[in-house]
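Please read the structure below before turning to the comments.
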Amino acid sequence: MYLIDIEIKGKPADVQVEKHRTWFKNHFEAGDFVIVGPSKTKPLAGIIIAKSMPQEHLNQIISEDEFYPDGAIYNINEFQAKLVNNQAIQKEG
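Residues 16 to 108 (my numbering) are what the sequence shown spells out, left to right.
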């Protein structure tokens, strides 16, 4: 699995934000992204948990984002989930 921390650089245009939202919604619906949400501590930032896949495939997905490559910083950390508490994962309104 991957933890992707995205920080948008500068002030994005509304059309860019809408394209970014469409990008992550499409990959969420396709099952590539498991959890998606905005950061509560950093402005213009968000977190994505992506399913396990070859790094090349994830790189291709990220390259489709409106802000790639120069409009955002993408910090990618691959990890192996050993323990998951499903009760702790609740959709916030």
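Yeah, the Cβ is synthetic: ideal placement off N, Cα and C, and Gly gets one too.
Taking C-beta separations shorter than 7 Å and ignoring five residues to either side along the sequence, the partners of Glu22 in its chain run Lys57, Leu59, Ala60, Ala87 and Ile88, following chain order. Comparing C-alpha distances from Asp29 to each of Glu81, Lys97 and Gln102 shows the shortest one belongs to Glu81. By DSSP's assignment, Pro53 forms a beta bridge with Gly61. When only Cα atoms are considered, Tyr17 and Gly25 end up about 25 Å apart. In the displayed model, Leu98 falls within coil according to three-state DSSP, outside both helix and strand.
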